[in-house]
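**Q**
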Amino acid sequence: MLLLLAGPLEASRPYEETERPPRRIRLLRPAKDGPEEQLAHAQALRDGGRLWRAQRQFRALTRYWPNTPEAALAQLGYARTQAERSRATRAFEAYENLLETYAGLFPHTQVLDQMYELAETVMERRRGRFLFFPGFHAPERALPLFERIARHGPRWERTPAAKLHIARIQEEAGKWDDAVLAYDRLEARHPGTPEAKEAAFGKGRALYQLAQRYPRDVDGIETAAYTLAFFVQHHPDSPDADTAVEYVRTLQERLAELAYEKARYYDRIAREPVAAIITYERFLERFPDTPWSDKARTRLEKLQRKAGAEAPNV
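If you want my numbering, it's the 1-based position in the sequence shown plus 583.
(1) Can at least three beta-carbon pairs, one atom from the segment 691-702 and one from the segment 641-658, be found at a separation below 8 Å?
(2) Taking Glu836 as the reference, give the member of Thr873, Ala846, Arg865 with the closest Cα.
(3) With three or more C-beta pairs closer than 8 Å as the rule, is the segment 641-656 touching the segment 666-675?
(4) Do you know offhand how far Asp616's Cα is from Lys746's?
(5) So for Phe689, helix, strand or coil by DSSP?
(6) Under a three-way DSSP split, which group does His818 fall into?
(7) Thr645: buried (16+ other C-beta within 10 angstroms of its C-beta) or exposed?
(8) Short of 8 Å in beta carbon distance, which residues of its chain neighbour Arg663, apart from the five on each side in sequence? Order them along the chain.
(9) Does DSSP put Thr873 in a helix, a strand or coil?
(10) Grab me the residues of Ala782's own chain with a C-beta within less than 7 Å of its C-beta, minus the 5 sequence neighbours each way, in chain order.
(11) Pick helix, strand or coil for Asp760, following the three-state DSSP scheme.
(12) Let me know the secondary structure DSSP gives Pro652 once reduced to three states.
(13) Using only alpha-carbon positions, find the residue among Arg612, Ala637, Pro777 that is nearest to His624.
(14) If you draw a straight line from the C-alpha of Leu634 to the C-alpha of Gly775, how long is it?
(15) Between the C-alpha atoms of Tyr791 and Glu829, what's the straight-line distance to the nearest angstrom?
(16) At 3 residues or longer, and completely inside the segment 840-887: list those beta strand (DSSP E) runs for me, N to C.
This is the structure we're talking about:
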C-alpha cells in the first residue's frame, strides 16, 4: 500500500529548479575565497606563463562555484590553457564541455571554430616520436572529434568540411564501406557545396577500392563503374575527372573479362553449347571491342555452325 501511494505523492510535488551542487575536491582547492578573485588569480597565472597552476585554478573555480558567471569564463580559460600546453584532445573536451554546460554564454560558432582547429591538429600530429624516429601518422584519432563537431553544429558552415575529413580518414584506414556511407551522406545532406563535389568522387574512389578487393563481385564492380561515370557526367571539369575515366575503363575491362570467362565456362567446362552461344552473344553485344572479342566471335561462329549442322531436318 505504501508503494502504491508513493507515486501520486511524488507526482503532486511542485517542480523546483535546483542549481548544480558544487563538486569540491580536497586536492583541488581554490586559492581565493570568492569566484571573482579566483578568476583574476587564475588569469594572472596564465598570463604569467604558469600554465599548469593556471589550469588547476580554473578547474577549482568551476568545481567550487559552478553556477556563477565566472565559472563559464573559467571553463573557457581552462580550455585555452590546455591548448597552449599542446594538449589538443583535452582542450577539445574542455571546449565541448563549455558548449554543453554553459550554452548561450559564448558564440556557438566561435567555440566550434576552436574545436575544429584542435581536431585538425590531432589529425595531422605524428605519434611516437623518439630520437631519430619520426613517429607515425594516426589521423584516425581525430575521427571521433570531427564526428562530435558535426553533431554539435549540424548547420554550421564548416560542418561539410568536418564530414569530408571523416570520410577521408575512414578511406585512408581502408574502411571502404564506412567511407562510402560517409561520402554518400555528405553529398546528400550538403548538396551544392565544394565538399559535396569532392565527396562524389570520393565515393566512387572508395567503391573502386572495394571492387579491387573483391575482383569477382560483378554487382560491386558495376556499382563502382556507374558511380564514377555519373561523377564524370556531372562534373566534367573536375580535376579528378581524368582519374575517374581511367577507373571506369579499368572496371569495364574487368567486367568484360568476367563475362568472357562465364561464356568460356559454359563452352569448355560445362559443355553446354546452347548456354555458351547465348553468353557469347551477350558478351559481344555488351563488349564488342575488347582483347577477348575476336576470340569470342570465332568460337561463337563455330558453335553456331555446329548447332546448325546437328539440327534435324524438317
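Don't be surprised by glycine CBs; every beta carbon is placed ideally from N, CA and C. If you're wondering where the values come from, they're calculated on a predicted model, not measured in any experiment.
**A** Let's see:
(1) no
(2) To locate residue 836, count along the sequence shown from 1; it is residue 253. It is Thr873.
(3) no
(4) Indexing the sequence shown from 1 puts residue 616 at position 33. Indexing the sequence shown from 1 puts residue 746 at position 163. Answer to the nearest angstrom: the Cα atoms are 45 Å apart.
(5) Here residue 689 refers to the residue found at position 106 of the sequence shown. Coil.
(6) Taking the first residue of the sequence shown as position 1, residue 818 is located at position 235. Here His818 sits in coil by DSSP.
(7) The residue labelled residue 645 in the question sits at position 62 within the sequence shown. Buried.
(8) As a first step, residue 663 must be located in the sequence shown, where it is residue number 80. Here the set comprises Arg629, Ala674.
(9) Here the question's residue 873 lines up with position 290 in the sequence shown. Residue state, collapsed to three classes: coil.
(10) Looking up residue 782 in the sequence shown gives position 199. Counting only Cβ-Cβ distances below 7 Å, and skipping sequence neighbours, we find Leu747, Ala750, Tyr766, Leu769, Glu770.
(11) By one-based count along the sequence shown, residue 760 stands at place 177. Asp760 falls in the helix class under three-state DSSP.
(12) Position 69 of the sequence shown, counting from 1, holds the residue named residue 652. Here Pro652 sits in helix by DSSP.
(13) The residue labelled residue 624 in the question sits at position 41 within the sequence shown. Cα-wise, what sits closest to His624 is Ala637.
(14) To locate residue 634, count along the sequence shown from 1; it is residue 51. To locate residue 775, count along the sequence shown from 1; it is residue 192. Each residue's Cα considered, the two are about 44 Å apart.
(15) Along the sequence shown, one-based indexing puts residue 791 at 208. Along the sequence shown, one-based indexing puts residue 829 at 246. In a straight line, the C-alpha of Tyr791 is about 11 Å away from that of Glu829.
(16) none
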